[in-house]
Structure formats: C-alpha cells, structure tokens
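Going down the list, the sequences are from chains A and B.
Quick note: my numbering has the first sequence finishing at residue 215, numbered continuously throughout.
Quick note: my numbering has the second sequence finishing at residue 1295, numbered continuously throughout.
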Amino acid sequence: MQLMIAEDEVLLREGLARFFEDAGHEVVASHGDAQNLAARVTAHRPDLLVVDVRMPPTFTDEGARAARTVKAEHPEIGVLVLSHHVETQYAIDLVRLGGFGYLLKDRVLDVAEFIDAAQRVAAGGSALDPRVVETLVSPGGCDGHLADLSEREREVLELVAEGLTNAAIGRKLFLSERTVEAHVRHVLMKLDLPQDEDAHRRVLAVLAHLEAIRR
Amino acid sequence: MLAQIVRDPHLRLLYWLPGSQIHVDANGRECESAAVDGPVCTQIIRAGVPLGAVLHGSADARTTTRLSKAAEAAAMAIEIVALRVELRRQLAQVEAARAGVAAAAGAERHRIERDLHDGAQQRLISVGLTLRHAQHCFGSTSREASELLNDAVAQLAVALHELRELTHGVRPAHLDAGLGPALKELGARCPLPIETSAERERLPADVEAAAYFIASEGVTNAVKHARASRVLVNAAHTNGTLTLSVRDDGVGGASPSRGSGLRGLLDRIEGHGGTMHLESPRSRGTLLVAELPCN
C-alpha cells in the first residue's frame, strides 16, 4: 500500500511514517500542513491518505476539511482521519460518506488493528474507532432492540459498526467466518435491518439504527 | 397622579439617575435628552438637586406652577423610585459582566485543558511509536526484548487512558453532542436504576457543562449516601433558565451544612449566577433542583 501522511507534529509524523514502513508499506510523501492537499494527492496518487483532523494555522478542523475535499476529487483514494478526541456525531457523518476511516490517534499503538483499519479504508471500506461505537451502543443501557441481542451478538454488532469484514471479525473473536456470518444475520434480523453482504451498506444501516435509538 | 392634577393624560414623569447622569422612565429605559427638553418640560428640583422631569402638553404658567408644586411635594417618592431604578440597572450590568466572565473563563479553561491533553497525548503516542519501532527492529532477535517492549507500550496505553479520563473529568467528550447524550452516558455508568431526560435544544457550552457536573454530583450522592433504589434526572429549559433536577427515593437528610460535597455544589451553582433548592426530609428521599441562567 502506498500512503501519504499529513500531520503537523514532527515526531508523530515521522513515527507514523516509520510505523507504516515497518509494516511493509510505502510512504510516498508526508506533509506538515493541509495546504493544497488535494493537489499533492493528485501528484502522488497514494492508495491512502492519513490526515490529522487538526492542523495549522488555526488547529480547528483544517485537516478534516481537507480530507473531504480530497475525497470529493479522488473518490477512489481511502482517507483515514486521526482525531484527538471522540467526536461522535462528526465521526458518524464522515464514515457514512463511505471510504473514510475515523480513528483516535492512540489507536495506532494497537498495531494489527490499526494496519487492518488502514488497509480496509484503502480498499474502499470504512473504519470507525471502537470508542465511538461504544458511545453509540452504551448510553442509557439497554435501549430498544439492543436488549434482544446476546453478548456475543452485541460484540459482533460493534465490530460491524467499526467497519470490519466478516473475516476480520472472525479473527478478532476467534470464530470461523461462517459462524460470524450467522451471527451477523441474526443481529440484522433482530434489529430489523436489511440483510446485506456489502460491508459499507451494513455499516450505514447499523449506524443509522444506533443513532436513532441514541436520541 | 400628576397627570390627574393637571388633567394631562399624556403626561410623563422621568427620573434623573445621578450615577448614570441620564433621565429614565419608571421601567429604567433611557430617554433622550432632546425629548427631555421638549415638548414642554418642567424640571423637578429639590434643594438644588435635580430629581427628574415632567413632560407634559400644556405650557401655560399655571399648569407649570401646579406641576412644580405637586412634584416637589412628591419629591421623596420620586427620589426613591429613581434610586430603585438606578439599582436595578446596576445589578443588571453586574449580572451581564459576571455571565461574560464565567463564559470566558469556561471557554478558556476548556481550551487550556484541551491543549494540555493534546500535547501530553502526542508525546505519549510518539514514545509508543518509538517503542513499536524498537520492537520491530529487535523483537525477532530477542523474545525477552519483545515482551519488555510490549509491556512498556501497554503501560503507555494505560497512561493515555488515564489522561483521557482526567480530561473527561474536566469536560466529558459526550457534552460535545449535548446535555441529553451526556446525561444518558452518565446514566449508563450509574449502578442504580436511573432515568435521565433532557430537551434536544442546545444551550451555551458552560451552562451544559455546569448542568452535567451538577447532575453527576447529585447522582453520586444518591449512589453513595442515599441508599436509594431509583434516581431521576431531568433538565428542562424555559424562559432563559435551565432547571436541572436530581431526585432519589433514598434516606434523605442531605444538607449543605452536613458535608463539603453539597457545599461545593452550591458554590458552583451560585458561581454561575444560579440558585439551588434542596428538599431532603428524613426517609422521604432527596430532591435537588438547580436553576441556571442561560443568557
């Protein structure tokens, strides 16, 4: 996988580049700001853009806005947004667009999960930080149909919301892919959601459901 | 009354505010000095000190004389009203200043803690990445080294988690979505059966944060001291005031004089210009109500 990194903090930028290289990927360019990010992406054509939400000059949402611009001009390029805090609504809105990942920065210390999420996004899928999913699933305890799910089914639901494929869910929970498929079928049925093989549409459906019961 | 004396229903009485050096009506609204100088204006002066003015229609000398005399007789009453109006205006100014300071202080505090968190977070993550790199370089040659490095990263992860919790204690991330979701998340962490309700409408950030912490403290008290079996938290906004209530069915007997928790809560509420109301009869549960202004 070829990637581009946009991160203003020097040590972090270099650390991220080394991290991906250690995992066998190629960092074609790295930048300290979000200026002309779309043009730079056009020049280098990476598979994935990793960008910090907050960058100079104002450190509010330059990175986030640049991420959307890049996606609009290059829908085939995966964009992974790194954030400092859980911004639930923002994260959901972004991931819904498809081909976006939203992860908290410290997720990078979970090497396997982080790389997996990056590859998923580069391939056109989604990645939503588990902590964001947690804020959706836990508030108020057992809301609506979630109460009908078994512990295992709830785990599967969370991983579906994070954007994992059935195979990845199986690896994570030490289950066979077929078992995972069965669980996903049950979960979608209990929540009254359409059965769908497409990972992104599943994510959308699940997120919509979780959001609806959150209100 | 003055209007009746001179039979002028359009007569207006203005008060002179010595502090602000302006004329105002009984509602405290300032009146332009141009208006004060016409149509017909009779100044009310007592012992050389201006008290107010009467605006009236007729300019004839008899009316004017009558008015002056009547006004002088009522001078003390006029002065009292003037002073009251002045006081009200000054209190309103102080209140506006306080609200401004509280909001600015809240925003500033929020900004500082975000910066502190983010700076520390970045540093810890960078260290973690360096350790992962070391693991990559040396992990294959020494299993022991790999394990040690893994442990070190695990410790960092704990530190990052604690850092997040610390910031959460100052201002929880859930508040970004509003008081409703934040209260729901509070409810989810409560070991007792609890119901929370809040309107969807967003309020000023410092008010939402204050309400959240008041609710958090109220719930903690219910859990720790009240031996309650149920807790109800409600936030309602009417007429520029947020009313936050926490009710439990426990043993009652709570009082700010009894412990520092409620005292601190009272200070926090009053610091926001709000009021606190506590009902906690023995064996009849506790009701805590905080009213916070939302301007």
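Note that CB positions come from ideal geometry on N, CA and C, so glycine has one too.
| query | Under a three-way DSSP split, which group does residue 6 of chain A fall into? | reply | strand
| request: Would you check if there are 3 or more beta carbon pairs closer than 8 angstroms linking the stretch 1180-1192 of chain B to the stretch 1145-1159 of chain B? | output: no
| request: Give every residue of the same chain whose Cβ lies closer than 8 angstroms to the Cβ of residue 1046 of chain B, excluding the five residues on either side of it in the sequence, and list them in chain order. | output: 1072, 1075 and 1079
| query | How is the alpha helix (DSSP H) around residue 189 of chain A delimited, first residue to last? | reply | 177-190
| query | For residue 1 of chain A versus residue 25 of chain A, is the C-beta distance shorter than 8 angstroms? | reply | yes
| request: Starting from the N-terminal side, write out each stretch of the beta strand (DSSP E) that is 3 residues or longer and does not extend beyond the stretch 1245-1292 of chain B. | output: 1275-1279
| Straight-line gap, residue 1226 of chain B to residue 1214 of chain B (C-alpha atoms, nearest Å) | 16 angstroms
| query | If you draw a straight line from the C-alpha of residue 1090 of chain B to the C-alpha of residue 1049 of chain B, how long is it? | reply | 21 angstroms
| Within the 8 angstroms Cβ cut-off, does residue 50 of chain A reach chain B? | no
| query | Under a Cβ-count criterion, where at least 16 other Cβ atoms within 10 Å of its own Cβ denotes burial, should residue 1065 of chain B be classed as buried or exposed? | reply | exposed
| query | Mind listing which residues of the stretch 1170-1193 of chain B have their C-beta closer than 8 angstroms to chain A's C-betas, in chain order? | reply | 1173, 1174, 1176, 1177, 1180, 1181, 1184, 1185, 1187 and 1188
| Got a sec: is the Cβ-Cβ distance from residue 139 of chain A to anything in chain B below 8 angstroms? | With a pLDDT of only 49 at residue 139 of chain A, under 50, the local geometry of the prediction cannot be trusted, and the value read off the model is given with reservation. So yes, residue 139 of chain A belongs to the interface.
| task | Take residue 1243 of chain B and list the residues in its own chain whose beta-carbon comes closer than 6 angstroms to its own, dropping the five residues that flank it on each side. | result | 1236 and 1291
| query | Where residue 1082 of chain B and residue 1097 of chain B are concerned, what is the direct C-alpha to C-alpha distance, given to the nearest angstrom? | reply | 23 angstroms
| Which whole-angstrom value is the C-beta distance of residue 1085 of chain B and residue 1024 of chain B, which I expect to be below 8 angstroms? | 6 angstroms
| task | Pull up the distance between the alpha-carbon of residue 1264 of chain B and that of residue 162 of chain A, whole angstroms please. | result | 41 angstroms
| CA-CA distance, residue 1162 of chain B and residue 1031 of chain B? | 59 angstroms
| said: So residue 160 of chain A contacts chain B; which residues on that side make the cut at Cβ distance below 9 angstroms? | reply: Those within 9 angstroms of residue 160 of chain A in chain B number zero; the least Cβ separation is about 21 angstroms.
| field | Beta-bridge partners of residue 1030 of chain B, as assigned by DSSP | value | B/1024
| When the cut-off is 8 angstroms and only beta carbons count, does residue 58 of chain A lie next to chain B? | no
| query | Roughly how many angstroms separate the alpha carbons of residue 48 of chain A and residue 1266 of chain B, rounded to a whole number? | reply | 52 angstroms
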